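Presented below is the structure to which this report refers.
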Amino acid sequence: MWTLVVNCGSSSLKFALLDPSSGEVPLSGLAERLGSDLASVRVDRGGERVSVPLPGGSYPEAFGVLLAELDALGLRSEVGAVGHRVVHGGERFSAPALVTPEVLDAIRACVPLAPLHNPANLAGIEAAQEAFPGLPHVAVFDTAFHQTMPEVAYRYAVPEEWYTQHGVRRYGFHGTSHAYVAGEAARMLGRDFPDLNLVTAHLGNGCSVTAVQGGRSVDTSMGLTPLEGVVMGTRSGDVDPGLHDYLARQAGLSLTQITATLNRESGLLGLSGLTNDMRELEEAAARGHEGARLAVEIFVYRLAKSVAGMAVALGRLDGLVFTGGIGENSATVRGATLARLGLLGFKVDEAANARAVRGRAGIITTPDSVPALVVNTNEELMIARETQSVVAGEL
Ligand code: ADP
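Residue numbering for the sequence shown follows the working numbering, beginning at 217 and increasing consecutively.
Set out below in structure tokens:
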């Protein structure tokens, strides 16, 4: 049976049809600019790519294109379940859940925690339920993997009633990716999960670092929102919480303006004044662009500090995993990060590090080093597997 994996953003819909066992993907696609005259769906039929214009189209029309593609492949009746990525599951969800009216209400109750993401995820689930009325739908949460964090890691040092009344605590994100790459790393290291202590660094446009003990998240760098932690493409990561009040007074900015700037105009983009794209920054730095050099250096420094902090959560470190677009491709970032982490026992193997790009996974440290590895993440496959497990009643 095939599993359809769906990821809805505010104006986008990403989908992939997968075999959860083999990982085969005969159909995938991305609908963008939904709700506008420029809306379109790019479809990949297992290598053959087409673009379908969809002016004014929204989720239901995008699902219409998907259904027509499934019919053309003769696969519509072969889809066994639909898995949905949902960003915030609050404290309610520590595992994927079969979508029921009660589960939809609980996802709705988490909207204040993720006001941009959860409404889009909900709208996507509802449109998918109409497109695939007879199938089980499963919600897979970005936060769920981190619900195993102990209180010492998830509480902020703020008044208790902020936590009890308003849910102010650290939740963490990218859980599907961290869980997947930790499992792959254990396999690559030939180690059993129960006694393996890993730090996983998911470095894409958003970036987060997680301490994984025996397959369970025990700390992570993102918090109440995905803004906390390491430097990201356009997000600042950690700043002094006093910054908001200071800038409001000094620059006359509103809280909304400051938050938007910290999310969209900070990080690598803000530091370099050039771009949020790590590959372009590395090229610009090599040409002598000072802002690009500084952006990469601060990114690496803060990443290394975060990894070292996660080692405290673990007590003993058995491996460091790099994943995401930057983690899987930037030998420069990996090498510089490991160079700063010598005190934890890392020694980079320059040749292995240089080889591990464009989908080539592997260990990038010397035999006498604590291992660091490059692992290619696959969130769709993880969502498909979890969906399958829920439908089979295993989760
Ligand atoms: P998203 O979080 O949107 O899924 P990705 O995981 O695709 O993002 O990561 C995007 C980041 O990966 C960008 O900063 C991009 O520049 C970086 N990246 C991709 N390829 C390379 C490369 N060859 N060298 C350095 N950075 C790269």
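All C-beta atoms in this analysis are idealised placements derived from N, C-alpha and C, irrespective of residue type, glycine included.
None of these values were measured; they are calculated from a predicted model.
The beta strand (DSSP E) that contains Arg258, what's its start and end? Ser256 to Arg261
Can you name, in chain order, every residue of its own chain whose Cβ lies under 7 angstroms from the Cβ of Thr477, other than the five neighbours on each side? none
Assuming Val607 contacts Ala297 under a Cβ cut-off of 8 angstroms, what Cβ separation, rounded to an integer in Å, is found between them? 5 angstroms
Runs of alpha helix (DSSP H) wholly within the segment 374–462 (minimum 4 residues, chain order): 376–382 and 391–405
Whether Ala600 touches Ala529 by CB criterion (8 angstroms): no
Over what stretch of residues does the beta strand (DSSP E) that includes Phe515 continue unbroken? Element bounds for Phe515: not the beta strand (DSSP E) but the alpha helix (DSSP H), Glu506 to Leu530.
contact_flag[the segment 499–513, the segment 480–489] where n(CB pairs < 8 angstroms) is 3 or more: yes
When Val516, Ala398 and Met448 are compared against Asp534, the one with the closest alpha-carbon: Ala398
Contact defined as beta carbons within less than 8 angstroms: I believe Thr539 pairs with Thr416. What is the distance between those atoms, to the nearest angstrom? 7 angstroms
Rounded to whole angstroms, what is the Cα-Cα separation between Arg386 and Glu285? 41 angstroms
Selection from Leu220, Val354, Met438 and Glu342 that minimises the alpha carbon distance to Gly453: Met438
What did DSSP end up calling Pro349 once you bin it into helix, strand or coil? coil
Is Val586 helix, strand or coil when you go by DSSP? coil
Grab me the residues of Leu463's own chain with a C-beta within less than 8 angstroms of its C-beta, minus the 5 sequence neighbours each way, in chain order. Leu469 and Ile474
Please return the same chain residues whose Cβ sits closer than 6 angstroms to the Cβ of Ala568, not counting the five positions on each side in sequence. Ile580
Taking buried to mean at least 16 other C-beta atoms within 10 Å of its own C-beta, is Arg532 buried or exposed? exposed
Touching by the beta-carbon criterion (3+ pairs, under 8 angstroms), the segment 239–254 and the segment 274–281: yes
Could you give the distance in angstroms between the alpha-carbon of Cys326 and the alpha-carbon of Leu419? 26 angstroms
Given the structure, does Asp358 come close to the ligand ADP, in the sense that its CB is under 7 angstroms from one of the ligand's heavy atoms? no
Give the secondary structure of Ala330 by DSSP, where H, G and I count as helix, E and B as strand, and everything else as coil. coil
Report whether the distance from the Cβ of Val573 to the nearest heavy atom of the ligand ADP is below 7 angstroms. yes
Closer than 7 angstroms: is that where the CB of Ile542 sits relative to any heavy atom of the ligand ADP? yes
Can you name the residues that DSSP bridges to Lys230? Asn223 and Leu246
Going along the chain, which residues of its own chain have a beta-carbon closer than 6 angstroms to the beta-carbon of Asp321, five neighbours each way excluded? none
Below 8 angstroms, how does it come out for the segment 376–390 and the segment 345–364: are there three or more Cβ pairs, yes or no? yes
Taking only the alpha-carbon atoms, compute the straight-line gap between Leu412 and Asp287 and give it to the nearest angstrom. 45 angstroms
Same chain only: Cβ atoms within 6 angstroms of Ser267, ignoring 5 sequence neighbours per side: Ser256 and Arg258
Which residues does DSSP pair with Ile564 in a beta bridge? Strictly speaking, residue 564 in this sequence is Val, with Ile absent from that position. Its beta-bridge partners are Thr581.
Does the segment 220–230 come into contact with the segment 324–342, if we say contact requires no fewer than three beta-carbon pairs (one atom in each stretch) closer than 8 angstroms? yes
If you drop the 5 nearest sequence neighbours on each side, which residues of the same chain put their C-beta closer than 8 angstroms to that of Ser237? none
Closest to Ser605 by CA distance: which of Ala347, His353 and Gly272 is it? His353
If contact is defined by three or more beta carbon pairs under 8 angstroms, each pair taking one atom from either stretch, is the segment 404–411 in contact with the segment 427–436? yes
Out of curiosity, what's the CA-to-CA distance linking Ile341 and Gly383? 25 angstroms
Would you identify the three-state DSSP class for Pro271, choosing helix, strand or coil? coil
Check for me: the alpha helix (DSSP H) holding Leu487 runs from which residue to which? Gly483 to Ser488
What would DSSP say about Val537, mapped onto helix, strand or coil? strand
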